[in-house]
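Chains as they are written, first to last, in the numbering used here: chain A, -3 to 108; chain B, 300 to 413.
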Amino acid sequence: GESVGLHLPTLSVQEGDNSIINCAYSNSASDYFIWYKQESGKGPQFIIDIRSNMDKRQGQRVTVLLNKTVKHLSLQIAATQPGDSAVYFCAETEYGNNRLAFGKGNQVVVIP
Amino acid sequence: GAVVSQHPSRVICKSGTSVKIECRSLDFQATTMFWYRQFPKKSLMLMATSNEGSKATYEQGVEKDKFLINHASLTLSTLTVTSAHPEDSSFYICSAGPQGYEQYFGPGTRLTVT
């Protein structure tokens, strides 16, 4: 069950600054990773993905970095905007296996 | 991108009753759909894999008789919470993808059991 009073790690960032969100994944066999954005009361929204044969991938205003040695994933958001305020989750899976394992989530709060 | 819908978006039911939640892929066919559960300020927990035309595959610790899943067509999976109790109150989310690893999530269903 849930823990009363448990808060997600929160990153407060000034509008226009860059944000970096980190994620440690657990399964060494995972070879496909995805970042999702979830706004309050909504389902997760795909942001960007990366396969294990890459260590960096860029999208529009977002960059994902993968360090397989230490099983670490990060999401960088450039020029953070108020609309970026949300909870961000990383997810891992083995390519071809659609079962996703989600990380704990990070709350991003953009200060206007 | 592909669109996944859920119905209802919110439901309140009395303890002991059953509630059915629908997940639909609107513009693609999905032989596999997934059901997740999410508590406030927590991550998504995979409950089960819904397989079109066959039995669902449940994750460890998820009661299959409690959470009945039916995937009767290539665009619809249903999750029925049977004999609901207050501890079943949660945010239920489904996902599906038109091919391989791409997963698109529904908007979620907020279940409150009183």
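Don't be surprised by glycine CBs; every beta carbon is placed ideally from N, CA and C.
Taking C-beta pairs closer than 9 Å, name the residues in chain B that residue i reaches, listed in chain order.
i      : result
G79(A) : Near G79(A) there are no residues of chain B at all, since even the closest Cβ is about 18 Å away, more than 9 Å.
Can you list the residues of chain A that residue i reaches, using a CB-CB cut of under 8 Å?
i       : result
L342(B) : In the sequence as presented, Leu is not what sits at residue 342(B); that position holds Ser. Under the 8 Å cutoff, chain A gives F85, F98, G99, K100 and G101.
I471(B) : Past the boundaries of the shown model lies residue 471(B); chain B is included only from 300 to 413, so the question cannot be answered.
At a CB-CB cut-off below 7 Å, which residues of chain A make contact with residue i?
i       : result
I392(B) : G39
P406(B) : K38 and G39
Can you pull the chain A neighbours of residue i, defined as C-beta to C-beta under 9 Å?
i       : result
L345(B) : R95, L96, A97 and F98
With 8 Å set as the bound, which would you pick, yes or no: does the beta-carbon of residue i sit closer than that to a beta-carbon of chain B?
i        : result
E(-2)(A) : With a pLDDT of only 36 at E(-2)(A), under the threshold of 50, the placement of this residue in the model should not be trusted; the figure read from the coordinates follows. Yes, its Cβ sits closer than 8 Å to a Cβ of chain B.
L4(A)    : yes
Compare the C-beta of residue i against all C-beta atoms of chain A and say whether one is closer than 8 Å.
i       : result
G352(B) : no
Go ahead and pull the three-state DSSP assignment for residue i.
i       : result
E351(B) : coil
E288(B) : A question about residue 288(B) goes unanswered here, because the residues of chain B that appear run from 300 up to 413.
A20(A)  : strand
S314(B) : coil
V303(B) : strand
Residues of the stretch 363 to 383 of chain B with a CB closer than 8 Å to any CB of chain A: list them in chain order, please. none
Enumerate, from N- to C-terminal direction, the unbroken beta strand (DSSP E) stretches of 3 or more residues contained entirely within the stretch 38 to 98 of chain A. 41 to 47, 52 to 54, 58 to 63, 68 to 73 and 82 to 89
Within the stretch 370 to 406 of chain B, ranges of the beta strand (DSSP E) (whole runs, at least 3 residues): 375 to 380 and 389 to 395
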